[in-house]
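*Asks:* The structure that follows is given in the form of structure tokens.
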Amino acid sequence: MSGALILVVEDNERNAKLLRDVLEHRGYRVLVATTGEEGVALAREQLPALVLMDIQLPGISGIEAFDLLRAEDATREIPVVAVTASAMQEERARIATAGFAGYQPKPIRVMEFLQAVEALVGPGDADGAGR
Ligand code: MN
0 MSGALILVVE DNERNAKLLR DVLEHRGYRV LVATTGEEGV ALAREQLPAL VLMDIQLPGI
60 SGIEAFDLLR AEDATREIPV VAVTASAMQE ERARIATAGF AGYQPKPIRV MEFLQAVEAL
120 VGPGDADGAG R
């Protein structure tokens, strides 16, 4: 058994590393894409159980990437959680109406973040990860 595969779409290297570390520690498997285009391509190819989507990205935005995932049968059902700076009120409103499976503020609060992930994909395989 191994934990669910989670795709992190995040252009900030430090944020991506933090999310990867937190998720891998819990026993999830993690893929990282640094642009929306790369994220959509990886999602099509790997069909992750969950996508954690930054909104402010170079190239297409996280909302545009989300729309592309929604437009295809293969990726339509994958839950997508927005992970973005909480201060941006207008952006939060767009996220709320776009149909994301949830929203997590940056910087993440680890306990709340992991609870939200587990609610969507089940627990990670933390024992198997050699914690
Ligand atoms: Mn960003």
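Take the sequence shown: its letter number 10 is residue 9 in numbering that gives the first Met the number 0, and every next letter is one higher. C-beta atoms are modelled at their ideal positions from N, C-alpha and C, and glycine is treated no differently.
#1: Where are the beta strand (DSSP E) runs, 3 residues long or more, that stay fully inside the stretch 15 to 67, in chain order?
#2: Hey, which residues come within less than 6 Å of the ligand MN, measuring from Cβ to any heavy atom, in chain order?
#3: Just checking my contact of R19 with V7 at CB under 8 Å: how many whole Å lie between their CB atoms?
#4: Quick one: grab the DSSP three-state call for A95.
#5: Compute the Euclidean distance between the alpha carbons of Y27 and R108, then round it to the nearest angstrom.
#6: Alpha carbon to alpha carbon, how far is R130 from V29?
#7: From A115 to F99, what does the alpha carbon distance come to, in whole angstroms?
#8: Spatial neighbours of E71 within its chain, please: C-beta separation below 8 Å, excluding the five flanking residues on both sides.
#9: Going by alpha carbons, who is nearest to L56 out of E9, Q45 and L68?
#10: Where A125 and L113 are concerned, what is the direct C-alpha to C-alpha distance, given to the nearest angstrom?
#11: State the Cα-Cα distance for the pair L67 and P78, rounded to the nearest angstrom.
*Replies:* This is what the structure holds:
#1: Runs of the beta strand (DSSP E) inside the stretch 15 to 67: 28 to 32 and 49 to 52.
#2: Result: D10, N11, D53, Q55 and L56.
#3: Residue 19 sits at position 20 when you count from the first residue of the sequence shown. Residue 7 sits at position 8 when you count from the first residue of the sequence shown. That belief holds up - the Cβ atoms of R19 and V7 are roughly 6 Å apart, short of 8 Å.
#4: By 1-based counting over the sequence shown, the position of residue 95 is 96. Of the three classes helix, strand and coil, the one that applies to A95 here is helix, per DSSP.
#5: What you label residue 27 is simply residue 28 of the sequence shown in a count that begins at 1. What you label residue 108 is simply residue 109 of the sequence shown in a count that begins at 1. Whole-angstrom Cα-Cα distance: 18 Å.
#6: What you label residue 130 is simply residue 131 of the sequence shown in a count that begins at 1. What you label residue 29 is simply residue 30 of the sequence shown in a count that begins at 1. At R130 the pLDDT is 47, less than 50, meaning the model places this residue with poor confidence; the figure from the coordinates comes in the next sentence. Per the coordinates, the alpha-carbon of R130 lies some 16 Å from the alpha-carbon of V29.
#7: The sequence position of residue 115 within the sequence shown is 116, counting from 1. The sequence position of residue 99 within the sequence shown is 100, counting from 1. Their Cα atoms are separated by approximately 13 Å.
#8: On the sequence shown, residue 71 is found 72 positions in, with the first residue counted as 1. The residues are R43.
#9: Your numbering for residue 56 matches position 57 in the sequence shown. Among E9, Q45 and L68, the Cα nearest to that of L56 is on E9.
#10: For this step, residue 125 is matched to residue 126 along the sequence shown. For this step, residue 113 is matched to residue 114 along the sequence shown. Cα to Cα, the separation comes out at about 12 Å.
#11: For the purposes of this step, residue 67 is identified with residue 68 of the sequence shown, where counting begins at 1. For the purposes of this step, residue 78 is identified with residue 79 of the sequence shown, where counting begins at 1. One C-alpha to the other measures close to 13 Å.
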